[in-house]
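First up is the structure itself, then whatever we jot down about it.
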DNA sequence: TGATGTTTGAAACATCTGTTTGAAACGATT
DNA sequence: AATCGTTTCAAACAGATGTTTCAAACATCA
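Set out below in C-alpha cells:
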C-alpha cells in the first residue's frame with residue numbers, strides 16, 4: 386500500500402454498508418460515525434495522520450476504541466472520508482467564487498484576485514476548521530504520502546486552468562504558455578500567509594487582515610499586469 | 386517537552402562530551418557519529434522526524450541500535466544536531482548571495498531577485514540534500530512541532546529584514562511599512578516551486594529550469610515595481 | 001602486561017500503535 | 001416474548017517504537 390490516497394482518488398465508498406442506502410449524514414452528530422468524523426476533522430487537521438492515534442480519536446468522539454475499525458474499516462478510511470469531503474468543499478467554494486465574479490459585468494483583475502484571495506485568508510485568520518485542511522494537504526504532499534496525481538487532477542485540472550483562463554480574459558496581453566506559471570506564482574503568494582498566518586502576526590507589526598488582503602491583491606495584480614507588458618517588448 | 390527545537394534555539398551542545406575538546410567533524414565519516422549524522426541528513430529530510438525510526442537510522446549508518454542514544458543522548462538530539470547545521474548553512478548561503486550582489490555597482494532589482502531565487506531553485510531541481518531541509522522546516526512549522534520563535538529570529542530578523550532593505554534601496558518608491566509584506570510575498574513566490582517542484586514538472590508542460598527562474602524573477606520584479614508605482618498615486 | 005576508560009553489541013524493557021475478538025447490550029421485527 | 005441483525009464494550013493481540021542494560025571488545029597509558 387504505497388499511497389494512502391488512492392482510495393480518495395477513486396472515490397470509493399468508505400462506509401461499511403451492505404446496501405447503498407446509508408450515506409454519511411453530517412448534520413446528525415448523535416451517532417458514533419458523525420462524532421468520529423468530527424473528531425477526525427479536528428484532530429487530523431491539527432496534528433496530521435500519524436500523530437493522531439485511534440485512541441485519541443475515540444476519546445474525542447466519546448466512543449469505544451473499536452468503533453473506528455467497525456464503522457470505517459480502518460484509520461486510513463476514516464481519514465480518507467474526512468479528507469475528501471473537506472477537500473471537495475474547499476475546491477467547490479473557490480470554483481463558485483471564480484464563476485460568480487467572472488459573471489459580473491465590468492469585472493477587473495483586482496475583482497478576480499480579491500474573490501480568490503479574500504475568502505480563504507479570512508477563513509484561516511478566523512481559524513476555521515475548513516481552512517486547516519489546506520495545511521494538511523500541503524503536509525501530505527511534503528510527506529510524499531499523497532498521490533501526486535490526486536493533486537494534479539483536482540487542483541490543476543480544475544482550479545488552476547480555470548484561473549488561468551480568467552487571467553487571460555481580463556489581461557489580454559498575457560501569453561497563453563505562461564498562464565500556468567502565473568497561476569502557480571499567485572498561488573504561492575496566497576499560500577504563504579495561508580500556511581504561516583501565525584508567523585505573520587509575529588513578524589509584521591500592526592498587521593490587519595484587510596491590510597494583508599489589500600497587499601496581496603495589489604502585489605499579484607501588479608505582477609500580472611507588469612508581466613503582460615513585459616511580454617510585448 | 387513541548388518544542389523539540391528549544392535546544393536548537395539555545396544552540397546547546399548536542400554531543401555528550403565531558404570536555405569541550407571534541408567537536409563535530411563532518412569530514413571524518415569513518416566514525417559512528419559522522420555516519421549517524423549522514424544518515425540523519427538523508428532520512429530525516431526525506432521522511433521527517435516521526436517517520437524515521439532509530440532502527441532505520443542505525444541500519445543506514447551501519448552501526449548498532451544503541452549508538453544513537455550513546456552518542457547523542459536521544460533521537461531528538463541527533464535530529465537537532467543535524468537540523469541546526471543544515472539550517473545555518475542554508476541561511477548563510479542566502480545572506481552571502483545577497484551581500485555579494487548588493488556590492489556590485491549598478492545592481493538592479495532583477496539582479497537581486499535572481500541572486501535570491503536562482504540558487505535554491507537549482508538546488509531543489511537537482512535534488513540536493515541541502516535543499517530538502519527547507520521542506521523539512523516547513524513541515525515542522527506546519528506540524529507545530531517547531532518553536533515559532535526559532536523561525537522569527539533566524540529567518541525574519543536576518544534574511545527578511547536584509548532583503549527588505551535591499552528592495553528599498555533598489556526601488557526607492559517603496560513604502561517602508563510595506564517592505565516586510567513584500568518580502569513575504571516574494572518568499573511565497575519562491576517557496577511554491579521550492580516545495581512542489583515535483584508537481585511543477587507534471588503540471589507545466591515543457592518546463593525548463595531556466596524558464597522557471599526567469600518567470601519568477603520577472604513576476605516578482607513586476608510586482609515590486611508595480612507596487613511602488615501604485616504607492617505614489 | 002595489566003589496568004582503565006571508551007565504544008560496541010545483542011538482548012531485553014516498557015510503552016505505544018492499529019487491529020481483532022467475543023461477549024454483552026440494544027432495537028426492531030415476527 | 002423470542003429471534004434477528006446491529007452496535008458497543010473491555011480485553012487482548014501482534015508488532016513497532018525509543019530507550020536501557022550489561023557484558024564483550026577496544027584503545028590508551030602506566
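Protein chains in written order, with this note's numbering: chain A, 386 to 618; chain B, 386 to 618. Even for Gly, the Cβ is constructed at its ideal location relative to N, Cα and C.
Do you know how far the Cα of residue j is from the Cα of residue i?
i, j, result
"residue 421 of chain A", "residue 442 of chain A", "7 Å"
"residue 511 of chain B", "residue 415 of chain A", "52 Å"
"residue 505 of chain A", "residue 530 of chain B", "24 Å"
"residue 545 of chain B", "residue 605 of chain B", "15 Å"
"residue 464 of chain A", "residue 425 of chain A", "7 Å"
"residue 586 of chain A", "residue 564 of chain B", "15 Å"
"residue 419 of chain A", "residue 496 of chain A", "38 Å"
"residue 452 of chain A", "residue 579 of chain B", "41 Å"
"residue 430 of chain B", "residue 457 of chain A", "32 Å"
"residue 423 of chain B", "residue 462 of chain B", "14 Å"
"residue 485 of chain B", "residue 460 of chain B", "38 Å"
"residue 540 of chain A", "residue 476 of chain A", "8 Å"
"residue 528 of chain B", "residue 490 of chain B", "43 Å"
"residue 603 of chain B", "residue 471 of chain B", "30 Å"
"residue 521 of chain A", "residue 433 of chain A", "7 Å"
"residue 538 of chain A", "residue 555 of chain B", "41 Å"
"residue 549 of chain A", "residue 571 of chain A", "10 Å"
"residue 438 of chain A", "residue 598 of chain B", "42 Å"
"residue 446 of chain B", "residue 573 of chain A", "37 Å"
"residue 469 of chain B", "residue 435 of chain B", "18 Å"
According to DSSP, is residue i helix, strand or coil?
i, result
"residue 437 of chain B", "coil"
"residue 572 of chain B", "helix"
"residue 704 of chain A", "Absent from the model: residue 704 of chain A. The displayed extent of chain A is 386 to 618, so no value can be given."
"residue 505 of chain B", "helix"
"residue 451 of chain A", "coil"
"residue 551 of chain B", "helix"
"residue 600 of chain A", "helix"
"residue 582 of chain A", "helix"
"residue 592 of chain B", "coil"
"residue 407 of chain B", "Residue placement at residue 407 of chain B is flagged as unreliable, the pLDDT there being 33, under the threshold of 50; a coordinate-derived value is accordingly withheld."
"residue 532 of chain A", "coil"
"residue 615 of chain A", "helix"
"residue 493 of chain A", "coil"
"residue 559 of chain B", "coil"
"residue 445 of chain B", "helix"
"residue 392 of chain A", "Residue placement at residue 392 of chain A is flagged as unreliable, the pLDDT there being 43, under the threshold of 50; the coordinate-derived value follows with that caveat. Reduced to three states, the DSSP call for residue 392 of chain A is helix."
"residue 608 of chain A", "helix"
Tell me where the alpha helix (DSSP H) around residue i begins and ends.
i, result
"residue 426 of chain A", "417-432"
"residue 483 of chain B", "460-487"
"residue 525 of chain B", "514-527"
Is there a C-beta anywhere in chain B that falls below 8 Å from the one on residue i?
i, result
"residue 535 of chain A", "no"
"residue 436 of chain A", "yes"
"residue 583 of chain A", "yes"
"residue 604 of chain A", "yes"
"residue 601 of chain A", "yes"
"residue 430 of chain A", "no"
"residue 563 of chain A", "yes"
"residue 442 of chain A", "no"
"residue 607 of chain A", "yes"
"residue 547 of chain A", "no"
"residue 587 of chain A", "yes"
"residue 522 of chain A", "no"
"residue 488 of chain A", "no"
"residue 572 of chain A", "yes"
"residue 427 of chain A", "no"
"residue 569 of chain A", "yes"
Compare the C-beta of residue i with all C-beta atoms of chain A and state if any pair is closer than 8 Å.
i, result
"residue 460 of chain B", "no"
"residue 612 of chain B", "yes"
"residue 406 of chain B", "Below a pLDDT of 50, predicted positions are generally treated as unreliable, and residue 406 of chain B, at 30, falls in that range; no measurement from the model is reported."
"residue 419 of chain B", "no"
"residue 556 of chain B", "no"
"residue 543 of chain B", "no"
"residue 507 of chain B", "no"
"residue 528 of chain B", "yes"
"residue 512 of chain B", "no"
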